[in-house]
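Residue numbers (the numbering used here): 48 to 316. Where a beta carbon is used, it is the ideal one built from N, C-alpha and C, also for glycine.
Structure, rendered in structure tokens:
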């Protein structure tokens, strides 16, 4: 069997599409050339582009972009699952957000996507016992993106945070795969208890704008939380809850509410 030529790079259709969109963006608007080249076209892979983008956004007089980029590069090299999650998040945003027309957009412009990738590096640092660095990431993510996620929180892949303003996710919160949430969502505690005190959000849940889910409660898979609701008790799978305090008002309305992004409450919820 003939050996593969050493100069032939592994195929990456997602990255190929992103770079193609980047070249088209520069052709359409030359004034964007500097940004697009720095963030996309100067890099050979999505992980290199993301490490640059995260470092550029979080850098400050307290921590240089060079150091932050080294931290991100090391994290991606040591934990390939971070890139797997980044790709899943990217596809989630592209498929669920009607304002997203290109894979390029979340990397360049969408703070929800950027903040999630920065959180993932912070969570990696937390798991490595580098808690002060992880807290630094949390601080800068909050300052830059307006999203406050404790680095110990456990969040799955395929996450879409739309508009992504004033998101709060506490230390012992757990979020499953393929979850969608809108702005001003809080996954918080109910007091000063120090043990497991934050919500557990199962796969496929849709959380509407301004919803508050408080305490060590479980939100079942593929359920919906209506905008503005305050959830203080467990939510069964595949149900819609609404109100203050939230109560079951019907079925979830479809098999995958987080993917369909259907927030309308009908006769079945």
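Assignment of residue 66 by DSSP, reduced to helix, strand and coil, places it in the helix class.
Residue 64 and residue 151 have their C-alpha atoms roughly 8 Å apart. When the Cα atoms are used, residue 171 and residue 187 turn out to be separated by approximately 16 Å.
Linking residue 196 to residue 162 through their CA atoms gives a straight-line distance of about 9 Å.
Rounded to whole angstroms, the gap between the alpha carbons of residue 105 and residue 112 is 8 Å. It is roughly 15 Å from the alpha-carbon of residue 223 to the alpha-carbon of residue 282. The DSSP assignment places complete beta strand (DSSP E) segments of no fewer than 3 residues inside the segment 172-243 at 194-196, 214-216, 233-235, in order along the chain. By the neighbour-count definition (other C-beta atoms within 10 Å, threshold 16), residue 268 is a buried residue. Rounded to the nearest whole angstrom, the CA to CA distance from residue 277 to residue 242 is 22 Å.
Bounds of the alpha helix (DSSP H) holding residue 117 are 112-125. Proximity of the segment 204-214 to the segment 172-184 falls short of the contact definition, fewer than three beta-carbon pairs being nearer than 8 Å. Boundaries of the alpha helix (DSSP H) around residue 81: 80-83. Collapsing the DSSP output to three states places residue 98 in a helix. Residue 98 counts as buried, since no fewer than 16 other beta carbons sit within 10 angstroms of its beta carbon. For residue 130, the enclosing alpha helix (DSSP H) has its first and last residue at 128-143.
The three-state reading of DSSP puts residue 289 in strand, counting E and B together. Residue state for residue 300 is assigned as coil, using DSSP reduced to three classes. The beta carbon of residue 199 lies closer than 6 Å to those of 173, 218 in the same chain, with the five residues before and after it left out.
In this structure, residue 93 and residue 118 do not form a Cβ contact; the two beta carbons are roughly 17 Å apart against a cut-off of 8 Å. One thing to note: residue 253 has its Cβ within 8 Å of the Cβ of residue 227. The Cβ atoms of residue 271 and residue 299 sit closer than 8 Å to each other. Taking the C-beta atoms as reference points, residue 68 is found nearer than 8 Å to residue 149. When the Cα atoms are used, residue 232 and residue 85 turn out to be separated by approximately 33 Å. According to the DSSP assignment, residue 261 belongs to the beta strand (DSSP E) that extends over 259-261.
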